[in-house]
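Counting from 392, one number per residue, gives the positions in the sequence shown under this note's numbering. Note that beta-carbon positions come from the ideal geometry of N, C-alpha and C, so glycine has one too. Predicted model only: the values in this text are computed from it and were never measured.
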Amino acid sequence: MFSFIRQIWSRITSPQIHARKKLAEQTANTALTALRDGNWQALQQQFLPLLRYFITEKLLENAWRLVESNFGPLEHIGSPTCSVGWITLTASVPVHFKRARLNTVLRLTFSGHLFGIGMSPFTWSPPKYADINSIRSINMSFGNWLSKTGGTLTLPAREASEQKYPCVILLGGSGPADRDSTVGALKPFKDIALGLTTNKIAVCRIDKTGFTYRYWYRLFGFNKQKYTLTQEYGYVLHAIESLKRQPEISADKIFIVGHSLGGLMAAHIAETNDSVAGCILMATPTDSMYRCLIRQVRYLASIGENPGSLGGLVSNLEDFEKQADLADSSELSLSTLAEQLPFGLGPNYWLECRSLNPIKTTKELQKPVLILQGGRDYQVTVDNYNELQSSLQSNAHTAFRLYESLNHCFVSGQGPSRPAEYTDPGNVEYEVIQDISQWVKEGDMATPI
392 MFSFIRQIWS RITSPQIHAR KKLAEQTANT ALTALRDGNW QALQQQFLPL
442 LRYFITEKLL ENAWRLVESN FGPLEHIGSP TCSVGWITLT ASVPVHFKRA
492 RLNTVLRLTF SGHLFGIGMS PFTWSPPKYA DINSIRSINM SFGNWLSKTG
542 GTLTLPAREA SEQKYPCVIL LGGSGPADRD STVGALKPFK DIALGLTTNK
592 IAVCRIDKTG FTYRYWYRLF GFNKQKYTLT QEYGYVLHAI ESLKRQPEIS
642 ADKIFIVGHS LGGLMAAHIA ETNDSVAGCI LMATPTDSMY RCLIRQVRYL
692 ASIGENPGSL GGLVSNLEDF EKQADLADSS ELSLSTLAEQ LPFGLGPNYW
742 LECRSLNPIK TTKELQKPVL ILQGGRDYQV TVDNYNELQS SLQSNAHTAF
792 RLYESLNHCF VSGQGPSRPA EYTDPGNVEY EVIQDISQWV KEGDMATPI
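So, in structure tokens, the structure goes:
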């Protein structure tokens, strides 16, 4: 009976729904064309009459200029995807700017009038290679009470017989990275965690303390003069000890996976901690962090990009290079002021960074090491990878893998890599997941895989 009623209702409402979707599509196309052409009068007329008193042509123009200053000129408008709610219509339209790809969401009444418009990055979706139903997630916390931070441990679904799994700990790169290493629409650490756990490997990913306490730092600041790299990654040692006590984890098969700056720390922790079985270095630099950033600025300029896409980290390249030169010089001492150095970080931080050499550490490390690199990475380039490979290729315990089409987040793409591609939905390439999984399970690999 109810099934019959639903069928009748569907037949009655289907033409109406189709017509409303068509209306939403037309309104979205008209509104975005007006935005692109700067036709503020036409755009204003799309809004509800009451809202036109508040949403003036000047307000629309200023808002659009702000969008263009951040993302560059609008280059392409995609096709709308429309949905019908109980009392409203929604249209989502992908738009491509020079420096970003965003999703424009328009809210409409059934009469076709706008009452809201906004832009946001595309949202992350789980990779197809992840079997979500076979994964358990446990929220954990690490560190002491003054610097405690949260993390997620993913484990395979419980099996009939008790089983212990190898485990990897993921270390993010520079800055206040969250546990997923989120950048734009990408969550590479979440991809890796889901992919490896689907392959019977436990994964722990952790919010950096800079992310956990970001609002506190903004309000009250922190002692940049005495801040160290060890403080930035101090929670990792607590995580190792905590994971060793987990009943489902093989205490002798805990590996560190470091991405970018995290790769330097991964090698260092593997060298200094007997509980670590080995490490994986993903896009790990052989240059200092500030030299990498200078190279990025020059690369972006060479392909016509605005270095502003680096988020204002370098407002004046000449001044930044002077700070970098001081950080590299013999004049750097504990009395050097933080404001004279890159990113406003003090001498303790840069002196510690100087002491971390992935080539020297890996040569001396009598544990298996896997080095991975994306061929399209402009943040840590193939030159860095080649330097690592040429210096370490005779090491029996070190394996290498270069993925020609992957960027810094190990997501596939084409052509010169640009910041805008981080706003495109995507996932870590499955080949990377397979290689890490094989290496963790089989151990030392003497030759490139």
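Nearest to phenylalanine 462 by CA position, among Leu537, Arg809, Ala729 and Ala419, is which residue? What you label residue 462 is simply residue 71 of the sequence shown in a count that begins at 1. When each option's Cα is compared against that of phenylalanine 462, the closest is Arg809.
Rounded C-alpha distance that separates threonine 573 from lysine 489: If you number the sequence shown from 1, residue 573 lands on position 182. If you number the sequence shown from 1, residue 489 lands on position 98. Their backbone Cα atoms lie some 21 Å apart in a straight line.
Cβ distance (whole Å) where glycine 542 is taken to contact isoleucine 597 below 8 Å: Here residue 542 is taken as the residue at index 151 of the sequence shown, counted from 1. Here residue 597 is taken as the residue at index 206 of the sequence shown, counted from 1. 4 Å between Cβ atoms; contact.
Could you have a look at serine 511 and say whether DSSP puts it in helix, strand or coil? Within the sequence shown, residue 511 is the residue found at index 120, counting from 1. Secondary structure of serine 511 (DSSP, three-state): strand.
Closest by CA to leucine 761, which one among Arg767, Asp768, Leu725 and Ile750? Within the sequence shown, the letter at position 370 stands for residue 761. When each option's Cα is compared against that of leucine 761, the closest is Ile750.
Quick test of your reading: leucine 450 and histidine 504, contact by CB under 8 Å. State the CB separation rounded to the nearest angstrom. By one-based count along the sequence shown, residue 450 stands at place 59. By one-based count along the sequence shown, residue 504 stands at place 113. Rounded, the Cβ-Cβ distance is 17 Å, inconsistent with contact.
State the DSSP-derived secondary structure class of isoleucine 824, mapped to helix, strand or coil. What you label residue 824 is simply residue 433 of the sequence shown in a count that begins at 1. The three-state reading of DSSP puts isoleucine 824 in helix, counting H, G and I together.
Taking the alpha carbon of alanine 521 as the reference point, which residue from Leu732, Phe801, Gly586 and Lys635 has its own alpha carbon closest? One-based indexing of the sequence shown puts residue 521 at position 130. For the residues Leu732, Phe801, Gly586 and Lys635, the minimum Cα distance to alanine 521 belongs to Gly586.
For the putative contact between serine 828 and asparagine 590, defined by C-beta atoms under 8 Å, what is the C-beta separation to the nearest angstrom? Taking the first residue of the sequence shown as 1, we reach residue 828 at position 437. Taking the first residue of the sequence shown as 1, we reach residue 590 at position 199. Yes, they are in contact, since the Cβ atoms of serine 828 and asparagine 590 sit about 4 Å apart, within 8 Å.
Exposure of threonine 663, with buried meaning 16 or more beta-carbon neighbours within 10 Å: Taking the sequence shown and counting its residues from 1, the one referred to as residue 663 is at position 272. Looking at its Cβ environment, which holds fewer than 16 other Cβ atoms inside 10 Å, threonine 663 is exposed.
Report the residue from Asp428, Leu441 and Thr540 whose alpha carbon sits nearest the alpha carbon of proline 464. Against the sequence shown, residue 464 aligns to sequence position 73. Among Asp428, Leu441 and Thr540, the Cα nearest to that of proline 464 is on Asp428.
What did DSSP end up calling lysine 581 once you bin it into helix, strand or coil? The residue labelled residue 581 in the question sits at position 190 within the sequence shown. Reduced to three states, the DSSP call for lysine 581 is helix.
Just to confirm the assignment, what range does the alpha helix (DSSP H) spanning arginine 443 have? Within the sequence shown, residue 443 is the residue found at index 52, counting from 1. Under the DSSP assignment, arginine 443 falls outside any alpha helix (DSSP H); it carries neither an H nor an E label.
Boundaries (first-last residue) of the beta strand (DSSP E) holding arginine 682: Working through the sequence shown from its first residue, we reach residue 682 at position 291. Where arginine 682 is concerned, there is no enclosing beta strand (DSSP E), although the alpha helix (DSSP H) it sits in stretches over 680-693.
May I ask which residues mark the beginning and end of the beta strand (DSSP E) holding asparagine 494? As a working mapping, residue 494 is identified with position 103 in the sequence shown. Asparagine 494: member of the beta strand (DSSP E) spanning 492-499, first to last residue.
Pick out the complete alpha helix (DSSP H) segments inside the segment 405-469, 4 residues or longer, and give them in chain order. 431-435 and 448-462
Give the C-beta separation of alanine 715 and tyrosine 769 to the nearest angstrom, bearing in mind that I take them to be a contact with Cβ-Cβ under 8 Å. Start at 1 with the first residue of the sequence shown, and residue 715 comes out as number 324. Start at 1 with the first residue of the sequence shown, and residue 769 comes out as number 378. Wrong, their Cβ atoms sit about 18 Å apart, outside the cutoff.
Cβ neighbour criterion (16 or more within 10 Å) applied to isoleucine 592: By 1-based counting over the sequence shown, the position of residue 592 is 201. Burial call: buried.
For valine 831, which residues in the same chain have their Cβ closer than 7 Å to its Cβ, ignoring the five residues on either side in sequence? In the sequence shown, the residue the question calls residue 831 occupies position 440. The residues are Pro557, Val559, Ile592 and Phe646.
Bridge partners - glycine 534, DSSP secondary structure assignment: As a working note, residue 534 is residue 143 in the sequence shown. Note: glycine 534 sits in no beta bridge, so no partner.
Can you tell me which of the three DSSP states lysine 489 falls into? Here residue 489 is taken as the residue at index 98 of the sequence shown, counted from 1. The answer is coil: DSSP assigns lysine 489 none of H, G, I, E or B.
Would you tell me roughly how many angstroms separate the C-alpha atoms of isoleucine 529 and asparagine 786, rounded to the nearest one? Here residue 529 corresponds to residue number 138 of the sequence shown, with the count starting at 1. Here residue 786 corresponds to residue number 395 of the sequence shown, with the count starting at 1. Approximately 37 Å between the Cα atoms of the pair.
Counting only the same chain and skipping the five closest in sequence on each side, list residues whose C-beta sits under 8 Å from that of glutamate 795. As a first step, residue 795 is located in the sequence shown; it is residue number 404 there, counting from the start. Around glutamate 795: Gly766 and Arg767.
Taking the alpha-carbon of isoleucine 824 as reference, which of Leu434, Thr479, Thr424 and Met673 has the nearest alpha-carbon? Reading the sequence shown from its first residue, position 433 is the one you call residue 824. Nearest C-alpha to isoleucine 824: Met673.
Contact the segment 412-431 vs the segment 471-478: 3+ CB pairs below 8 Å: Output reads yes: the segment 471-478 touches the segment 412-431.
Out of Pro406, Leu717 and Phe501, which has the shortest C-alpha to C-alpha gap to tryptophan 741? For the purposes of this step, residue 741 is taken as residue 350 along the sequence shown, with counting starting at 1. Ranked by how close their Cα comes to the Cα of tryptophan 741, the residues Pro406, Leu717 and Phe501 have Leu717 in first place.
Of the residues Thr789, Ser502 and Lys615, the one placed nearest glutamate 755, counting alpha carbons only: As a first step, residue 755 is located in the sequence shown; it is residue number 364 there, counting from the start. Ranking Thr789, Ser502 and Lys615 by Cα distance to glutamate 755 puts Thr789 first.
Whole angstroms are fine: how far does the CA of tryptophan 607 sit from the CA of phenylalanine 613? In the sequence shown, counting from the first residue as 1, residue 613 sits at position 222. In the sequence shown, counting from the first residue as 1, residue 607 sits at position 216. Separation of phenylalanine 613 and tryptophan 607 (C-alpha to C-alpha, rounded to the nearest whole angstrom) is 9 Å.
Would you decide whether glutamate 696 is buried or exposed? Buried here means 16 or more other CB atoms lie within 10 Å of its CB. By one-based count along the sequence shown, residue 696 stands at place 305. Glutamate 696 is buried by the Cβ-count criterion.
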